[in-house]
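Reviewing the structure listed below.
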């Protein structure tokens, strides 16, 4: 090949790089490994990574069963090793799958339309806020404090240089957004109200009432959904203007936090301000139905600095996992799955409430609940780890006012015996702390 | 037409409707175990929040699902089927061991909030990958958090901005060469910078004199892709860096084309201050029909305080952990820690190659691109004679005389069993054909590609209309994109159901 090209050595091809910048040594990285060594190395890492533990963690990343057909299908090379479907005639498989994904997401969220995916739930929510700013021409956003704290952090990062001001609205004793405070916070300069439902505490918000408050002042309502499985049994936010969802619950591995699948859904009239790719139906010259990426004039490769967003690569293969999951469970299965989640969490909350305080009892919840204990949940969790149980997420870091509180999650994979074991261990620690409290009150007060 | 059969031939292709069109009540592909806790009264628990109906969600059986998606998959082209020479996209082979290790129990099921004590495996993967990428780029510090290249750009520019703000002046604009990807200007705008275009010189490189004239104290950074989108190495890169640094500006390097440099040259050595990598290009993680990607950002020491939180650190007891308390950080760009599954795959790729393999990879990528260049020179117009690195850009100038444009040639290439090259980009070449074969292609595949391109050029001479009507062998012909955009149909609705 060198001869055909007309050079003497491979180095000739690298001559455009000035000699002083050419690397003349080996990279100091691990030596080349055989496949068996690679597999072994990663299996060792897996052993150090909570393999075989029972977990009660949720908080934006949920453990649901993944039907095996998902991996069987997404590992087909035609899906796995293809690019963004810009050449439609050669990518109809991906395009039709996206079209079906958009349809199912719209149907589930109660919106008219959905895009092909965003990076995740957090960036989706931030992009939704910027979309609302473009639609309304207003520059302030009202954000619920019970929105996932990391979603709020991401929004802060995105909003900083867009001159978008933010107001935070607190929650009441039911865990829901404080609607009186919200009423006061929303003004004529408010582009949008951003809430989460079920919110970070697992409580379901009264979306209709919140929509009314937002719409009265001409603001849009954005609803973030972190637990997609709730849509099987919880009324979707039909009165919202934009839904920003994390669809990880639908067949996407926990994977230590990613890749996940964000998605935006909205009303038809707002579609031209929506970021991200969209697949649309059309016909070929013989009138045969086919699909293409469409409305590209919103996107960076056409509009450059005037685009709706800089997003290019999205989460296509993960969206395909979500797509297959939704197809497997379908109209009836998604409801039954959600029902089981509801029942498990109701049982879990009920059991915990016998020994500790379950907060926010006044409002409906889906599959998460907040347990307040006498002892610091970090200490409880570290004891639970000894029993190969990962306890709920301590909330002190995000909501110090809740004291010794932790967010617990039960899904269809959480068995009754797992719940009973965890409750038993927490009850034990509660009893011992209480007896210690009786003996040495100052010690505990520290 | 005789050449068509060398690589591709028509075969039976199943028709398949939308999944909704197969749905009927009672069909199911799911089964849940019996409930082991008391049944709940959903109406009582949820009240008016109870959902009664899931609308038009499908009801289908498992075999229908398998057939549906398998049939759809056969309508796609893929690297697994043949050369996919999209320039700047680096469609290299995606090793299957990557997929295997990403699915190992414990890694696939790790929860992002599980205690650090039982997350040492994941943290070690993040740290090892970080170390490798720093060595490969010659930079000092890194974040793996950005979800894709475009988000990496945003993260990098946020750090640039934070750096300038720490010096008391955020500055106003970002310089971007006219050959840049669309994400560059879109990103600059998203972090509140104005965009100023920089003209390329007649060799397809940054015009250093023009840069010197445009550079001043208002410029926060220059975003440069190197090799650039013409596949040309910016030979005066160090002069460019010096020009930027002399006036307090920074050099951002878009690492989209890093596949031309790995183990041969390091951006950190030639003056880059901040750069992103695309793990889904250079480091073999699959494109998956458009994502997920992963866009780590590597920086020089001066930018380290501004990295997104959290950062992986080694703690006093020798274990790994996340550090959140970083007062100068630009904040989070994504929930949790990034597309972790892609870190596993990229690291497996680095392990499978080692120092020798990575060098060989880069050499083969550049060799393959130059082989194609030689093979097609004269047949297609080469707008820049400057040497090519990992990709080569031709134009449709010769064929356009017959009314055949780059997109038409691309559509005809489909009939020959190849995915098209990147069309009409970079924008500075009218009618561009941007070809990146990657290291993965054997000589036999390259020869077939060259032969196909030559054959198409001949068809243009003999029967241009035939090329204009391509593709001829796909299950559908060219689609009406104008109609799709004018009256968008973005979802299925049952017939007769009101919108």
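Residue numbers (our numbering), protein chains in the order written: chain Z, 588 to 1033; chain U, 12 to 510.
Think of the CB as a built atom: it goes at the ideal place given N, C-alpha and C, for glycine as much as any other residue.
Item	Value
Do you know whose CA, among Z:609, Z:589 and Z:726, lies nearest residue 277 of chain U's CA?	Z:609
Using a C-beta cutoff of 7 angstroms, does residue 604 of chain Z count as contacting chain U?	yes
Going along the stretch 433-449 of chain U in order, which residues come within less than 7 angstroms of chain Z, judged by CB to CB distance?	none
Using beta carbons (cut-off 7 angstroms, strictly below), is residue 808 of chain Z in contact with chain U?	no
Report the neighbours of residue 840 of chain Z on chain U: residues whose CB is nearer than 7 angstroms to its CB, in chain order.	119 and 120
Does the CB of residue 70 of chain U have a neighbour CB from chain Z at under 7 angstroms?	yes
Is residue 596 of chain Z close to chain U, meaning its C-beta is less than 7 angstroms from at least one C-beta of that chain?	no
Taking CB distances under 7 angstroms as the criterion, tell me whether residue 345 of chain U reaches chain Z.	yes
Name, please, each residue of chain Z whose Cβ falls closer than 8 angstroms to the Cβ of residue 244 of chain U.	603 and 604
Quick one: complete beta strand (DSSP E) runs, 3+ long, within the stretch 377-434 of chain U?	403-406
Would you say residue 190 of chain U faces chain Z, with C-beta separation under 7 angstroms as the test?	no
List the residues that DSSP assigns as beta-bridge partners of residue 833 of chain Z.	Z:849
Could you give the distance in angstroms between the alpha-carbon of residue 775 of chain Z and the alpha-carbon of residue 247 of chain U?	53 angstroms
Tell me whether residue 694 of chain Z is buried or exposed, calling it buried when 16 or more other Cβ atoms sit within 10 Å of its Cβ.	buried
May I ask you to verify whether the stretch 914-921 of chain Z touches the stretch 748-768 of chain Z, counting CB pairs closer than 8 angstroms and requiring at least 3?	no
I'd like the list of long-range same chain contacts for residue 166 of chain U, defined as Cβ closer than 8 angstroms, with 5 residues on each side in sequence excluded.	154, 156, 157, 287, 306, 308, 319, 341 and 344
Distance check for residue 351 of chain U and residue 707 of chain Z, CA to CA, integer angstroms please.	13 angstroms
Please state the DSSP three-state secondary structure of residue 981 of chain Z.	strand
Mind checking whether residue 159 of chain U and residue 744 of chain Z have CB atoms under 7 angstroms apart?	no
Please name the residue in U:366, U:310, U:67 and U:332 whose C-alpha comes closest to that of residue 33 of chain U.	U:67
Nearest-angstrom Cα distance between residue 70 of chain U and residue 952 of chain Z?	27 angstroms
Are residue 852 of chain Z and residue 1006 of chain Z close, meaning C-beta to C-beta below 7 angstroms?	no
Determine, for residue 1039 of chain Z, whether the minimum Cβ-Cβ distance to residues of chain U falls below 7 angstroms.	The shown model of chain Z, from 588 to 1033, leaves out residue 1039 of chain Z, and the question about it has no answer.
Quick check: what's the CA-CA separation for residue 873 of chain Z versus residue 444 of chain U?	28 angstroms
CA-CA distance, residue 820 of chain Z and residue 932 of chain Z?	14 angstroms
Within a Cβ cutoff of 6 angstroms, which residues of the same chain sit near residue 641 of chain Z, ignoring the five residues on either side of it in sequence?	976 and 1005
In whole angstroms, what is the alpha-carbon distance linking residue 250 of chain U and residue 222 of chain U?	10 angstroms
So, helix, strand or coil for residue 922 of chain Z, using DSSP?	helix
Compute the Euclidean distance between the alpha carbons of residue 850 of chain Z and residue 832 of chain Z, then round it to the nearest angstrom.	5 angstroms
Evaluate the contact criterion for the stretch 262-270 of chain U versus the stretch 858-872 of chain Z: three or more CB pairs, one atom per stretch, below 8 angstroms.	no
Return the CA-CA distance between residue 373 of chain U and residue 632 of chain Z, expressed in angstroms with no decimal places.	29 angstroms
Quick check on residue 124 of chain U - is its C-beta less than 7 angstroms from some C-beta in chain Z?	yes
Are the Cβ atoms of residue 300 of chain U and residue 701 of chain Z separated by less than 7 angstroms?	no
Starting from the N-terminal side, write out each stretch of the alpha helix (DSSP H) that is 4 residues or longer and does not extend beyond the stretch 718-789 of chain Z.	736-747 and 766-772
Answer with yes or no whether the minimum CB distance from residue 646 of chain Z to chain U is below 7 angstroms.	yes
Can you grab the Cα-Cα spacing for the pair residue 377 of chain U / residue 216 of chain U, in whole Å?	18 angstroms
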